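A short write-up of the structure that comes next.
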Amino acid sequence: MSDTLSELYQRLDALTREIHSELKHAQQRFAYRLEQGRVIFDEEIASQWRPTLRQFLGYLFGAELRHVLTAPVIYSCIVPALILDGWVSAYQAICFPAWGIPRVNRSDYIVIDRHYLPYLNPLEKLNCVYCGYFNGLIAYVQEIAGRTEQYWCPIRHARHPRVVHSRYPLFVDYGDATGFRSKLQYLRRHFDPTPRR
921 MSDTLSELYQ RLDALTREIH SELKHAQQRF AYRLEQGRVI FDEEIASQWR PTLRQFLGYL
981 FGAELRHVLT APVIYSCIVP ALILDGWVSA YQAICFPAWG IPRVNRSDYI VIDRHYLPYL
1041 NPLEKLNCVY CGYFNGLIAY VQEIAGRTEQ YWCPIRHARH PRVVHSRYPL FVDYGDATGF
1101 RSKLQYLRRH FDPTPRR
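Taken in order, the sequence shown gives residues 921 to 1117; the numbers are from my numbering.
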């Protein structure tokens, strides 16, 4: 990897850490803490939200027709998502130990916590659980695929994708045959820490 590209990835890592730091400030501003995976809000903050709660029936009967009509399509995606989740989890459980790749911790990617927000009604909570699961699942699958790609084909693309997984910065440049041959065994053994999230 060129020095310039390496420096850019380091700056990207620094910006990512800065973003996470800013997100921690929001935790302080809205006065919540995490206890054994549960989100606990200060009572003063929670009491301020009560007037913002949209009652379930009002929310349901006030829904736009286009939202009602597309809801079955949205929720039908849960079936392939559950199959993908199970299949990819089994894949890494079988293949990663055989290849010496560290397993991806599912709970690092699938985060379901928005249902603790007291200002959401039950349907909004269900929607948030669904989105948290589905988007987390995609990130989880992307990390598993990224580690697989690092092991088997750690070469950057000639046409740069819009989004890349966390392992991509380690890959050799497209067209660098010497770099690929000389770095392949190294890349097959070096997975942690994850270079970028």
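We put the CB at the ideal spot given by N, CA and C, even for glycine.
All of these numbers come straight from a predicted model, not from anything done at the bench.
Top-ranked residue by Cα proximity to residue i, from the options
i, options, result
"V1049", "Y1060, L1037, Y979", "L1037"
"Y979", "K1045, T1098, L935", "K1045"
"L1104", "R1076, R1023, E964, R953", "R1076"
"H1035", "Y1060, R1023, G1052, D923", "G1052"
"T936", "Y1094, S1086, G1095, D1112", "S1086"
Residue i, buried or exposed, once every other Cβ within 10 Å from all chains shown has been counted against 16
i, result
"V1092", "buried"
"P1000", "exposed"
"R1109", "exposed"
"Q975", "exposed"
"P1074", "buried"
"Y1106", "exposed"
For residue j and residue i, the rounded distance between their alpha carbons
i, j, result
"H959", "Q968", "Reading the sequence as shown, one finds Val at residue 959 and not His. Approximately 17 Å, taken between the alpha carbons."
"D962", "W1072", "49 Å"
"W1019", "R949", "45 Å"
"R1117", "I1014", "Note that R1117 has pLDDT 42, beneath the 50 cutoff, so the model's placement of it is unreliable and no number is given."
"N1055", "K944", "21 Å"
"Q930", "N1025", "24 Å"
"L1002", "L1043", "20 Å"
"S926", "D933", "11 Å"
"N1047", "D1033", "12 Å"
"D1028", "L1057", "10 Å"
"E984", "G1006", "34 Å"
"L1040", "Q947", "18 Å"
"F1016", "Q1062", "15 Å"
As assigned by DSSP and simplified to three states, the class of residue i
i, result
"V959", "strand"
"R1087", "coil"
"R953", "strand"
"V1092", "strand"
"I1075", "strand"
"V1049", "helix"
"V993", "helix"
"H1080", "coil"
Opening and closing residue of the alpha helix (DSSP H) in which residue i lies
i, result
"C1015", "998 to 1019"
"G978", "976 to 981"
"S1027", "No alpha helix (DSSP H) holds S1027; DSSP gives it neither H nor E."
heavy atom of the ligand FMN below 6 Å from residue i C-beta
i, result
"V999", "Because no ligand of any kind appears in the structure shown, any question about the ligand FMN cannot be addressed here."
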